[in-house]
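Mapped onto the UniProt record's numbering, the consecutive letters of the sequence shown carry residue numbers 1 to 462. Glycine is no exception: its CB is placed at the ideal position from the N, C-alpha and C atoms.
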Amino acid sequence: MSVISFSKKYRSSPHNFSSHSYDSSVSPLTYAISSPVDRKFRGARSPWGLRMSGGAGIEGSLVAVNVNRSLMNPIETGLDPEIQHVKTQEKEQIKTLNNKFAHFIDKVRTLEQHNQVLKTKRSILQGQKIGPSNMENMFKAYINNLKKQLEDLGQQRGRLESEQGNMQDLLEEFKQKYEDEINHRTGRENEFVLLKKEVDETYIRKQELEVALQHLTDEINFLRELYEADVEMSNTPVVISVDSSPKLDVDSIIAEARVQYQEMAENSREEAESKYRITYEQIQEKADRHGEELRAAKTELNELTRMIHRIRAEMAALKEQNAKLTADIVQTEEQGKVAVADATEKLQKMEHALQRAKQDMAVQLQEYRALMNLKLALDIEIATYRKLLEGEESRWALGWGWCRSHVGVYSRTAFYGDGCSCRSVPAASQLSTASDSPLPHAVPYAGMSGGQALSAAVLRQG
């Protein structure tokens, strides 16, 4: 089994492959189905003076070749599993390369869209008038506001402390007054006890005087009865028989005795009455005085009791107010500390946010620069691929026309999907007509599919 292939050197624009040649007869399938006889005849001279080479092109004009038509009948290659396997591999490889190329094109389109978005953002950002950042002024205003609040809280704390001091002094004053009133009450209670003792003593003395008065009254009554008895006796006629002895003036003696007894009784009665009257008046005066003092003491005691209750209520209110002020001071201090801590935390968060924003801006700027560089590289690569594809399309058109012009020589001509090979499979052995000096750049792409040849050409072009 052999293939007759003709190669021709095509020249293209300066932007084509670096090999400046295109071999339309070399493909993996051609080498895969070549026989040992074919490989043996490669490089040998034909009877017509031509050098046979597997896949080499010739320069110059074409030479007429006499070929046996019976040898050009195609053989059945569909029964060979190796050929089917090679075809399947080629199809899969072509599909994979096409998918990769489509994915690459989608990626390029996505990057172009992203680049367009970045351009739009850049134009918008450049169109905006970016003035100086007022974050520092805002932070300063916020810090000054917090400092002002802190100063107000300090002044309020000083005012509350002064009020607390005044309340403490007032509380101490009320405590002193309360203690003085307690002492005064104790003194009054002691005086009341003494007065009560004196009243008791006075009452006892009064009872004693009443008993003495009763005794004196009884004595006066007894003396009165005695006097009345004497008067009655004196009024009773008495017959006394006397002798004729010297006479005694009994009447005068009795009268004198009566007068004396009357004087004594009168004096005793007057003295007892005056003494009793004086004593009674003294006791009455003393009782009145003690009663007044007792009433005054009771009134003062009631007033002191009311004052004590009032002072206790005021002390309870002051204690409650003091506790409330202390709690307010503690709460104000805690609120001030919390406000300062919150302000400090917010300031730190804003500083961190500003730092992160700067870092994000720097990262985005770096990403933008990297994307711009990538876009530039992709634009260059797309332009290179476009030129290469345009050159390859022109070469494929020329190669396809050349294959169609020589259809009478081939038994079967196929143009594969990769567009890089023009194959003919005759029934006889493969013969290649080439010049004595084959193209040096045609061999490196032998055995490659269209996508592989295109990639290799791009690498060599780069």
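Check, Outcome
"Out of Ile308, Lys319, Met372, Tyr385, state which residue places its alpha-carbon closest to the alpha-carbon of Asp169.", "Lys319"
"Between the Cα of Glu270 and the Cα atoms of Asp342, His309, Glu219, Lys298, which residue gives the shortest distance?", "Glu219"
"Would you mind giving the Cβ-Cβ distance between Ala343 and Leu146, rounded to the nearest angstrom? I have them listed as a contact below 8 Å.", "4 Å"
"Around the Cβ of Arg375, are there at least 16 other Cβ atoms within 10 angstroms (buried) or fewer (exposed)?", "At residue 375 the sequence reads Lys, which differs from the Arg that was named. Counting Cβ neighbours within 10 Å, Lys375 comes out buried, since at least 16 surround it."
"Between the alpha carbons of Phe6 and Ala383, how many angstroms are there, rounded?", "Confidence at Phe6 is low in this model, with a pLDDT of 40, below 50, so its placement is unreliable and the value that follows should be read with caution. Taking the straight line joining both Cα atoms gives about 33 Å."
"Do you know offhand how far Glu172's Cα is from Val338's?", "34 Å"
"Helix, strand or coil, according to DSSP, for Pro28 in the structure here?", "Note that Pro28 scores a pLDDT of 38, beneath 50, so its modelled location is shaky and nothing firm can be said."
"Decide yes or no for the touch test of the region 93–111 against the region 354–364: beta carbon pairs closer than 8 Å, at least 3 of them.", "no"
"Within 10 angstroms of the Cβ of Gly127, are there 16 or more other Cβ atoms? Answer buried if so, exposed if not.", "exposed"
"Please classify Glu392: is it buried, with 16 or more other beta-carbons within 10 angstroms of its beta-carbon, or exposed?", "buried"
"Using a threshold of 7 Å, state whether the C-beta atoms of Met167 and Asn302 are closer than that.", "no"
"Within the region 281–332, note down every full beta strand (DSSP E) run reaching 3 residues or more, in order along the chain.", "none"
"Among residues of its own chain, excluding the 5 on either side of Arg122, which ones have a beta-carbon nearer than 8 Å to its beta-carbon?", "Tyr368"
"By the 10 Å Cβ neighbour count, where 16 or more other Cβ atoms means buried, how is Arg395 classified, buried or exposed?", "buried"
"Does the distance from the CB of residue 466 to the CB of Ala272 come in under 7 Å?", "Nothing about residue 466 can be read from this structure; the chain reaches only from 1 to 462."
"Here's a check: name, in chain order, each residue in its chain whose Cβ is nearer than 6 Å to the Cβ of Lys275, leaving out the five neighbours to either side.", "none"
"Within a Cβ cutoff of 8 Å, which residues of the same chain sit near Gln113, ignoring the five residues on either side of it in sequence?", "none"
"Can you check whether the CB of Ile329 is closer than 7 Å to the CB of residue 495?", "Residue 495 lies beyond the stretch modelled for the chain, which goes from 1 to 462, so this question has no answer here."
"When you compare only the Cα positions, how much space is there between Lys349 and Ala316?", "48 Å"
"Have a look at Ser162, Asp106, Thr186, His103 and flag the residue whose alpha-carbon is nearest the alpha-carbon of Thr305.", "Thr186"
"Please report how far the alpha carbon of Arg258 lies from the alpha carbon of Leu213, in whole angstroms.", "26 Å"
"Would you report the Cα separation of Glu345 and Thr332, rounded to the nearest angstrom?", "19 Å"
"With DSSP as the reference, label Ser244 as helix, strand or coil.", "Residue placement at Ser244 is flagged as unreliable, the pLDDT there being 48, under the threshold of 50; a coordinate-derived value is accordingly withheld."
"Express the C-alpha separation of Leu209 and Leu294 in angstroms, rounding to a whole number.", "23 Å"
"Ile124 to Leu150, Cα distance in whole Å?", "43 Å"
"Using the Cα positions of Leu195 and Glu292, report the straight-line distance between them to the nearest angstrom.", "11 Å"
"Apart from the five residues just before and just after Glu191, which ones in its own chain have a Cβ nearer than 8 Å to its Cβ?", "Ala297"
"Measure how close the beta-carbons of Leu347 and Ile105 come, nearest whole angstrom, since I'm counting them as under 8 Å.", "About 51 Å; that fails the 8 Å criterion."
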